[in-house]
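Q:
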DNA sequence: CTCTTAGTGGAAATGGTTTTCATTATTAAT
DNA sequence: ATTAATAATGAAAACCATTTCCACTAAGAG
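Chains as they are written, first to last, in my numbering: chain A, 1 to 157; chain B, 158 to 314.
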C-alpha cells in the first residue's frame, strides 16, 4: 500500500538504542528540526519549531535531549557570547565542516568553509603533538573569528 | 627618599583616562589581581582575591570593570563550557600568546604555546581572505581543543 | 574647594539552564 | 497482548552567573 511511511526515523534510532537510550517522539522531533535546519539554533529556537507539530514537548526535554546528543557526539554545542548556547547537527547535516565569524556588534554569525583543508592539516599536527606532550586525548576543536560585520563597523563611533 | 612608591598604577591608568574612564581604586585592585595571576579567573575568583585587601569592592564592580577591560582589548574573556566566564590579561601578562586544552571530564585547563608561529601564519592568511570575502573586520580569534586529560580518560567506563 | 557626573555597592531582577517530582510511555519479559 | 520495570517527560520551582536599579560616593575638571 503506497503512501505508508515505513520509517520516519533514520539511523539515529539505532544509535540511540545502541547507547542505551529509548527512542521517543520528542527525540525524533528534535532531530527532525535539527536535520532540517542549516542554522545554529538555540534551545528555544528548537522548542518553537517543534511546538507547532508536537505541542506537548517541553523546553526541559529539548535541553535534556540536546545534552544527550552533545554527549553522543551527534551535535555541536556552541557559545557565541550572547548568553545562550547554540546547537548544530554534526553528521547527517548537508553542510560541510565549517567554522564561524562572529560579529561583536550584532552577533551575526557567518559560516565559512575556506582553508578547511589547510586548517585540518595544522590541527592534525597540533593534535598529535599536544596529545603526546600533555597526555590529553583530544576529541574536538573549535576555531572562531571575532570582529565586526560591515554594518556594525560603520556604526562604530 | 627611598621606599616611596612613586606609582602603584602602571600604564593602565593612562590608558583608562585616554578612553574617557576614571581611574578608581576598584579598577586598580582588579588589574593588580589580574596581572599577578597566571590563571584564568572567573569574576568571583577575582572578587575573592580583591576582597581581603579591598573589602568594599563589590562583585558588580568586578563585572563592570571586566566588561570595560574586555572592550578596551586589555582582557580576554573565555568560555570553557562550565557556565562561568573566565578572564585573562592580554598585554602586560608575563605569559606569551597561548591557547587552551579543555578537559571535558574535570574541566581542567592546560595552556599551550606550541605551533603558535605556524598558527599565526595560517590565521593571518585566513584573516586576510575572510575579511575581504565576507566584508568583515576581524579583530581576534579563538582556538580551543577539547578532550580528556589522562585522569579522566582512565575513569571513563 | 566646588560642582558635575562617572563610578559604586547592595539588593532585586533577569534569564538561560537544571532540578524535582509525580505522571506517562517505552521496552523487555511474560 | 499484558504486564512489570524503569527511562523519559512536563510543569513548576530552583539555580546561579550576570545585569539592572537606584540612591550614594568620589574622581577630577575648573
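Note that beta-carbon positions come from the ideal geometry of N, C-alpha and C, so glycine has one too.
1. Quick check on DSSP: helix, strand or coil for residue 262 of chain B?
2. Going by other Cβ atoms of all chains shown within 10 Å of its Cβ, with 16 needed for buried, is residue 159 of chain B buried or exposed?
3. Counting only the same chain and skipping the five closest in sequence on each side, list residues whose C-beta sits under 6 Å from that of residue 198 of chain B.
4. Taking any Cβ of chain B, which residues in the region 123 to 140 of chain A have a Cβ under 9 Å from it, in chain order?
5. Please go through the region 221 to 309 of chain B and give each complete beta strand (DSSP E) segment of 3 or more residues, from N-terminal end onward.
6. Taking Cβ-Cβ distances shorter than 9 Å, what residues in chain A pair up with residue 226 of chain B?
7. In whole angstroms, what is the alpha-carbon distance linking residue 239 of chain B and residue 262 of chain B?
8. Out of B:270, B:283 and B:286, which has the shortest C-alpha to C-alpha gap to residue 134 of chain A?
9. So the alpha helix (DSSP H) residue 183 of chain B belongs to, where does it begin and stop?
10. What residues match up with residue 198 of chain B in a beta bridge as DSSP calls it?
11. Taking the beta carbon of residue 99 of chain A as the centre, do at least 16 other beta carbons fall within 10 Å, making it buried, or is it exposed?
12. For chain B, check one thing: does any of its Cβ atoms lie closer than 8 Å to the Cβ of residue 62 of chain A?
13. What is the rounded straight-line gap between the Cα of residue 29 of chain A and the Cα of residue 49 of chain A?
14. Exposed or buried, which one is residue 182 of chain B when buried takes at least 16 other CB atoms within 10 Å?
15. For residue 11 of chain A, is the classification buried or exposed, using 16 other Cβ atoms within 10 angstroms of its Cβ as the cut-off for buried?
16. Taking Cβ positions only, does residue 147 of chain A come closer than 8 Å to chain B?
17. Given a cut-off of 8 Å, decide if residue 74 of chain A and residue 89 of chain A are closer than it, judged by their beta-carbon atoms.
A: Here's the rundown:
1. By one-based count along the second chain, residue 262 of chain B stands at place 105. Coil at residue 262 of chain B, not helix or strand.
2. The residue labelled residue 159 of chain B in the question sits at position 2 within the second chain. Because residue 159 of chain B sits at a pLDDT of 37, beneath the cut-off of 50, its placement in the model cannot be relied upon, and the following sentence gives the value as read from the coordinates. Classification for residue 159 of chain B: exposed.
3. Here the question's residue 198 of chain B lines up with position 41 in the second chain. Excluding the 5 residues flanking it on each side, residue 198 of chain B has same chain C-beta neighbours closer than 6 Å at 244, in chain order.
4. Of all residues in the region 123 to 140 of chain A, those with a C-beta nearer than 9 Å to a C-beta of chain B are 123, 125, 126, 127, 129, 130, 131, 133, 134, 135, 136, 137, 138, 139 and 140, reading in chain order.
5. Correct list: 232 to 236, 242 to 246, 256 to 260, 266 to 269 and 293 to 306.
6. As a working note, residue 226 of chain B is residue 69 in the second chain. Result: empty, since nearest Cβ-Cβ is about 15 Å, beyond 9 Å.
7. Taking the first residue of the second chain as position 1, residue 239 of chain B is located at position 82. Taking the first residue of the second chain as position 1, residue 262 of chain B is located at position 105. Their backbone Cα atoms lie some 11 Å apart in a straight line.
8. Taking the first residue of the first chain as 1, we reach residue 134 of chain A at position 134. Ranking B:270, B:283 and B:286 by Cα distance to residue 134 of chain A puts B:270 first.
9. The residue given as residue 183 of chain B occupies position 26 in the second chain. Annotation for residue 183 of chain B: the continuous alpha helix (DSSP H) segment containing it runs 182 to 193.
10. The residue labelled residue 198 of chain B in the question sits at position 41 within the second chain. DSSP, once it has assigned bridges, lists B:244 as partnering residue 198 of chain B.
11. On the first chain, residue 99 of chain A is found 99 positions in, with the first residue counted as 1. Buried, by the Cβ-count rule.
12. Taking the first chain and counting its residues from 1, one reaches residue 62 of chain A at position 62. No, residue 62 of chain A does not count as interfacial toward chain B.
13. Counted from its first residue, the first chain places residue 29 of chain A at position 29. Counted from its first residue, the first chain places residue 49 of chain A at position 49. Distance between the alpha carbons of residue 29 of chain A and residue 49 of chain A is about 9 Å.
14. Here residue 182 of chain B refers to the residue found at position 25 of the second chain. Exposed, by the Cβ-count rule.
15. Numbered from 1 along the first chain, position 11 holds the residue referred to as residue 11 of chain A. By the neighbour-count rule (16 or more Cβ atoms within 10 Å), residue 11 of chain A is not buried but exposed.
16. Counting from 1 along the first chain, the entry for residue 147 of chain A is found at position 147. Any Cβ of chain B closer than 8 Å to the Cβ of residue 147 of chain A would place that residue at the interface, and such an atom is present.
17. The count along the first chain starts at 1 and reaches residue 89 of chain A at position 89. The count along the first chain starts at 1 and reaches residue 74 of chain A at position 74. Yes, the pair counts as a contact, with Cβ atoms nearer than the cut-off.
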